[in-house]
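Colleague:
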Amino acid sequence: MNTKNLPQYLGYSSVDRRYFIRTASASLSLPALTAFGDSHAQKGFGESDQNGPRNFVAIGTYLGWHQNAFYPRETGLEFEIPATLKPVAEFRQHFTVFSGLDHRAGNGHNNWSNFLCGSQPGTYSFDQLIADQIGKQSRFASLQLTTGSGENRTGLGAMNFSRENIYLPMLRRPSVLYRQMFITREDRKRTEYLLKSGRSSLDHVVGEAKRLSASLPAADREKLAEYFHSVRSLEGRMGRQLRTLDNPAADPGYKLPENDPITPNLQMEASVIMYDLIAIALECGLTRVATLFLDGLGQVFTINGRPLSSGYHGLSHHGNDPAMIRDLVLLDTAHLECFAHFLRVLREKKGTRGKTLLDDTIVLLGTGMGDASRHSNRDLPTLVAGGGLAHKGHVALTGKQETLLGDLYITLAQRLGVEIDSFSNARGNMNEVLS
Amino acid sequence: MNFRGFPPGLPGHQQPVTGHKIKTVPLMTVPFVAAVLLVSLPGLTWFRGAVATAQVQTEKTATAVPDAPREVLQKYCVDCHQPDAAEGGIILDVDSINWPEKDNLELWEKVLHNSSQSRMPPPGSDQPTAGERKLLGDWIDGQLSRHLRIGGTAPRRLNQAEYLKTVRELVSMRDYELPPGFPGDSEVHGFDNMGEGLVMSPAHIASYSRVATEIADLLYPQPRKAVSSRIQRGGVEDLVLSFSASAIKEGKLRLASSARDIMRSCTWPQQHQAKVSGVYRVTVDGSVFKPRDGDLPMILEVRARQVSASERSVIDNFRFLKDLPFTSKKSQTHAFETELYKGETLSFRWKNAEFDHNNLKATVRLMTNWFERDKRWLAAWQQAVFPGGLKGKARISTLRGLNGWNVINKALQDPDLDMSEATMDSPETKELLRIFGTVGGGTHNLGDALCHYYFNQGPSLQLHGYTIEGPTRLVDSDVDKRYQQIARSIAGTGKGKLGNEKYARTMLAKFLPRAFRRPVDNSTLEAYLKIASEHWEKGHTFHEGMHLLMRNILISPQFLYRSLQPGELDDHDLAVRLSYFFTQGPPDAQLAALANAGKLTDSKQLRTQAKRLMPNRREHPLVRSFTGQWLDTRGLKSIMPDPKFKFEAREINIAQAEVELFFLDMIRENRPLRDFIDPDFTWTAPYFAKRIYQIKGLRGRHDKLQRVKIPRGSRHGGLLGMSAIMMTTANGVDTQPVLRGAWVLENILGISPPEPPDDVPALTPDTRGTSTPREMLAAHTGEDSCLNCHRRIDPLGFALENFDPVGKWREKWPGTNRQIDASATLTDGTKIKDVVDLKKWLVSNESIFAFNLASKLMVYATGRPLNYVEKKEIRQLVASNLSEKGGMRDLILDLVVTQTFRTK
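Chains W and F are the protein sequences, given in the same order.
Taking the numbering used here, the leading residue of the first sequence gets 1, the next gets one more, and so forth.
Taking the numbering used here, the leading residue of the second sequence gets 1, the next gets one more, and so forth.
(1) Tell me, please, which residues DSSP counts as bridged to HIS317/W.
(2) When you compare each of LEU673/F, ASP175/F, ASN159/F to VAL199/F by their alpha carbons, which one comes out closest?
(3) Counting only the same chain and skipping the five closest in sequence on each side, list residues whose C-beta sits under 6 Å from that of ALA216/F.
(4) With a threshold of 8 Å between beta-carbons, can GLN584/F be considered close to chain W, or not?
(5) Mark GLU344/F as exposed unless 16 or more other C-beta atoms lie within 10 angstroms of its C-beta, in which case mark it buried.
(6) Taking 8 Å as the threshold (C-beta atoms), are GLY718/F and GLY797/F in contact?
(7) Using 8 Å as the Cβ pair cut-off and three pairs as the minimum, do the segment 232-243 of chain F and the segment 229-236 of chain W touch?
(8) Please report the straight-line C-alpha distance between ARG618/F and ARG774/F, rounded to a whole angstrom.
(9) Would THR601/F pass as an interface residue toward chain W - the criterion being a Cβ-Cβ separation below 8 Å?
(10) Using the three-state DSSP reduction, which class does ARG174/F fall into: helix, strand or coil?
(11) Residue range of the alpha helix (DSSP H) that PRO69/F falls in?
(12) Hey, out of ALA657/F, ASN352/F, ARG260/F, whose CA is closest to ASP316/F's CA?
(13) Considering only residues of the same chain and omitting the five flanking positions on each side of THR166/F, which have a CB-CB separation below 7 Å?
(14) Thinking VAL395/W and THR96/W are a contact (beta carbons under 8 Å), I'd like their distance in whole angstroms, please.
(15) Give a yes or no on whether the C-beta atoms belonging to SER265/F and PHE326/F are separated by under 8 Å.
(16) Report buried or exposed for PRO641/F, applying the criterion of at least 16 other Cβ atoms within 10 angstroms of its Cβ.
(17) Taking a contact to mean a Cβ-Cβ separation below 8 Å, would you say ASP675/F touches ILE710/F in this structure?
(18) When Cβ atoms are compared, which residues of the segment 177-211 of chain W fall closer than 7 Å to chain F?
(19) Less than 8 Å between the C-beta atoms of ARG517/F and ARG156/F, yes or no?
(20) Could you check if HIS40/W is buried or exposed, using at least 16 other CB atoms within 10 Å of its CB as the buried criterion?
(21) With H, G and I counted as helix, E and B as strand and the rest as coil, what does DSSP make of PRO761/F?
(22) Nearest-angstrom Cα distance between LEU105/F and ILE140/F?
(23) From the DSSP output, read off the bridge partner residues of LYS481/F.
(24) Say whether chain F places a C-beta atom closer than 8 Å to the C-beta of ARG237/W.
(25) Go to LEU463/F, then tell me how far its alpha helix (DSSP H) extends in each direction, as first and last residue.
(26) By the 10 Å Cβ neighbour count, where 16 or more other Cβ atoms means buried, how is ASN817/F classified, buried or exposed?
(27) Just to check my reading of the structure: ALA68/F and SER96/F have Cβ atoms closer than 8 Å, yes? What is that Cβ distance to the nearest angstrom?
(28) If we cut at 8 Å on Cβ distances, does ASP758/F have a partner in chain W?
(29) Going by DSSP, what residue range makes up the beta strand (DSSP E) through THR61/W?
(30) Under 8 Å Cβ-Cβ, which residues of chain F neighbour GLU226/W?
(31) Which of helix, strand or coil does DSSP assign to TYR71/W?
(32) Considering only DSSP beta bridges, list what LEU253/F is partnered with.
(33) So, with DSSP's three-state summary, where would you put GLU354/F?
(34) Alpha carbon to alpha carbon, how far is LEU380/W from GLY319/W?
(35) When you compare the CB of THR903/F with every CB in chain W, is at least one pair closer than 8 Å?
(36) Identify whether GLU884/F lies in helix, strand or coil by the three-state DSSP scheme.
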């Protein structure tokens, strides 16, 4: 095993060992999983692009990426790898860096969710738009995960919003996610009973809500409609769970740490695990859409044995202080080391039609904040990897031109077989750039 | 709240305009005080939309603008506010207005406000006469009052805190916790309990359903599965070693202390826990080590502990099982049968050991006698604890445990041991005994060292091993029994010989009105009964039927939503509003009884109940939740200040407690509202006061909060002088005068500034010290587009610049050698030089703050933003509170009897 590319902030010895156990156990069960994934894969997805990538993964940092260390100086395929991207150097044929793109959304932390929502933060997010089209047949229409947070993000600080502009909670405990992915035999019978009995009685509460609703003014009836919709959605979810109960995924025996690394300082370790679980979920056909929110609060990281000079948020407000920027870039690079691990795992695993999972998955790495030091949401650092796309190295767009980040999303959606010609404020596409 | 969408067909706005995100916290509107500091919001894209809608609908239901006000508008306003030149996006050149349109009501309220404040027309333009202003104002006031009704809260689902408390009370499970990943709530109008913000989403229903299942599992459990009996043998290596509670010597585990702190006296199996509650057969092998006269029998006390119990537990937390007497130096076996509950294992303690860490008096007695008997023993302890004599530093914490014993033992073996102080009346001996008699000295450090004497020299009770075999049969644990008791109490009856249906009917009659917080009619009850009876008909068990019933009740809209009936609240909804306002929980028995008797709508009774529910401790929800949200102190824990401020969890807790205790006293003592700004007291802790507020000489424990008298007119004290407030308005790294200013504007003065437009470059603070924040901001207030708002925001922020990001007073800007200039000019022209002046100004204009606080409380209580007529009602109430020299408690009592409070 090449230790050079492993995350270093946790100390070599322990990480190497744990890292090795994980990947080893996950890949041991690979043949069975592939077979299983295929059986799912053949079911009912009649996308227009049969050869296109099947999965979509989006990753976003709450406090942005330091632009100067993220953007290569040169454009095109020949570029010198900038500091933050060093960990993914080996994948340079498999990704494109975009500079100068954004959604023209408002500034400030409150508008962070423009990352996937476009110009209007807190509205139907891109991942959910994709999931609503391609995720419905999977066990999980989409997975929303997070690391580095002490609490659940809510409202405008969240990342994923349903069609109704309602934010979706994110999972931060790997053990909880894992239990949802691989239900045990003894749990199955009980779950089935609960689902069946619960579903049959939902009609009752719906009827009750309708009776209540009848006497209410129009505005209040509209509000109660949220209840109907939510109950119906729960019903659908129960149905989906019932179907998958008959066809459970085999537990690959992934070794989780004894305790969930949810302390914000253990964000990197948590991210590596979440990346592994996303890869396993894609491989097993449990989902086709996943997102990972990399939160940032005051956690102080220790990198290469040295505690950084300030907490994450403090560093993001670097005020152009070179020492602060140096530490911030170390931190961004640590995120990219975890990300490189993800790309490596995707490359090891099999996707459909003999492709690697990397070629079968469009991975979007970005943020809703362009420059956290100024709270500016212009010029969002964006990287698209995998998906079998014709990658172009560094594509630089000046802030003045008309191209929006949404144009890129439209192209990504189309590659995933989701035919849209507009997203948020964007009406164009970047098809030519990625072909 | 969704102002993102714009009316269709609006020219030039197919693309929604971003940038100014409109917050809808109510604006203060009418001339209310002479000097008012207010904003006109520039570039309100929202109003652009509003006017367009009004025009579209003009044909339908619009009423004509009468000539007189129309003339005033034509004469002074329409030059700038006409379709061709809609300054600020506002058009006032209209013939008719569709008044019921919400956007129009808001627009004209704004017009009224700006006109009556003489904010419009702008300086330099022709100004209307006082009579013309009055004419316009009266016309708008009349229209607004005619077209607006009190009330209109959207159906509110319980928010996370309310839901948790409601579940806990309903099923008497005070320690129930929500599962991880339970969705939170969005904040709208500054609070997380607003009708608009409390969206019901699939994620919510899924989580409610999950909680309902968890509760049903506890109350109506599945039959336990038979578990085959197994036997676990453990040796000494399978037992836990905790501090100096035990040690392994010669293959035996020796015990030494009878302390009640289990981590200092007990041992327990590392790997065993009962899989189910049942009867187990236990054997214990042990012996006595070097007993002296009178030591026998040594009693080994066996208790049952939860494996997950905290190491900080005391022995009484564990269930007593058996005392086992040991008398032999050879292995002796005791066997007994006992109940172990699910998750429990055994715990062992030498019950009659002479040494007890926690009994400080007995420890001093023990050591006194020992020192009298054995002067060499005394000298060795003196040598260990006072290596440099009494003048040197006493060594206590490093003498902990085995390390300490090694030092003492070395002294004991030392042939040259200094015996000169080894008398009972020497100061060293006295000091040594004093240390043994202290928490820490006797309970921790020296006590732990002493244990090792017993491990090596005896006497000690030693364990050789144990076996746990079972279960031989299953039993109900205390926890099972507790839930059975709850199930019985919520049904009002045990199952006994009642038939399934009869039992369920009894249960529903008692439980449904509590769950739905109002009486339930018979058809509702029968409908629920049917859920269970149909389930039973299909052959499911009694518990399965009740389980399904409970799952249904707990996701019913009547449980999840409150106050659904429109109009004036009836007794039951009033009980609900009152109760959730004060306690974030459902009405208690007394409120429910009053509501059932139809007595709560009586204002006198309502006030009496409000008095009863008034906060009495700082954890009270009206204190904690309201201040946490109003003053944003709820987010303190996520700020995590830069390490250089040495501000950690303890300091953050103190800062938050200061605010809560202060707010509580404001209520309890019915203080005048201006004391929020400039009081004669504050709450703080001595070391914190010294470090942050430069208040010296406070007595009492250094980190215990106490009430402190301060002179009025101080820098510190009051909301604008508290660490928590200064912290929440900074980012933990540096201060941002603009953010602080905007915060004061919104939360103290009650005016919401708009978000900065997105085409304005954000300010990058340069922390390298080349320029001060004031110099950097000067550049950005140089631009007209910024100036309009920033001349209202920035002065308030600069006045607070003497407070660093954790609220500590400073004279110089960080990183520079330059004196902080906190002076500013308020928009009414008042010049202030610092925060003390700002507080003076706020006190002399106390109605601004008072109205803001009253509005915030009302928004929090009703879950809706206040409209013009509601604000009118509150304004009257605030005016009389001030003129009658009322206080904070009066204000709250007056609020709950208003129409605004009493209407859905």
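Where a beta carbon is used, it is the ideal one built from N, C-alpha and C, also for glycine.
All figures in this text were calculated on a predicted structure; none of them were measured in a lab.
Modeller: Looking at the atomic coordinates:
(1) BP columns for HIS317/W are empty, so no partner.
(2) ASN159/F
(3) HIS547, MET550, ARG551
(4) no
(5) buried
(6) no
(7) no
(8) 38 Å
(9) no
(10) coil
(11) 67-76
(12) ARG260/F
(13) LEU158, GLY585, PRO586
(14) 6 Å
(15) no
(16) buried
(17) no
(18) LEU194, SER197, GLY198, SER201, HIS204, VAL205, GLU208, ALA209
(19) no
(20) With a pLDDT of only 38 at HIS40/W, under 50, the local geometry of the prediction cannot be trusted, and the value read off the model is given with reservation. With 16 or more other Cβ atoms within 10 Å, it is buried.
(21) Because the pLDDT at PRO761/F is just 45, under 50, the model does not fix this residue reliably, and the value given afterwards should be weighed accordingly. Residue state, collapsed to three classes: coil.
(22) 9 Å
(23) BP columns for LYS481/F are empty, so no partner.
(24) yes
(25) No alpha helix (DSSP H) contains LEU463/F, which is instead part of the beta strand (DSSP E) from 460-474.
(26) exposed
(27) In fact, because the Cβ distance is near 15 Å, the residues do not count as touching under 8 Å.
(28) Residue placement at ASP758/F cannot be trusted, given a pLDDT of 46 that sits under 50; what the coordinates show is reported in the next sentence. Chain W contact via Cβ: present.
(29) 55-61
(30) VAL199, MET200, SER201
(31) coil
(32) ILE248/F, LEU463/F
(33) coil
(34) 19 Å
(35) no
(36) coil
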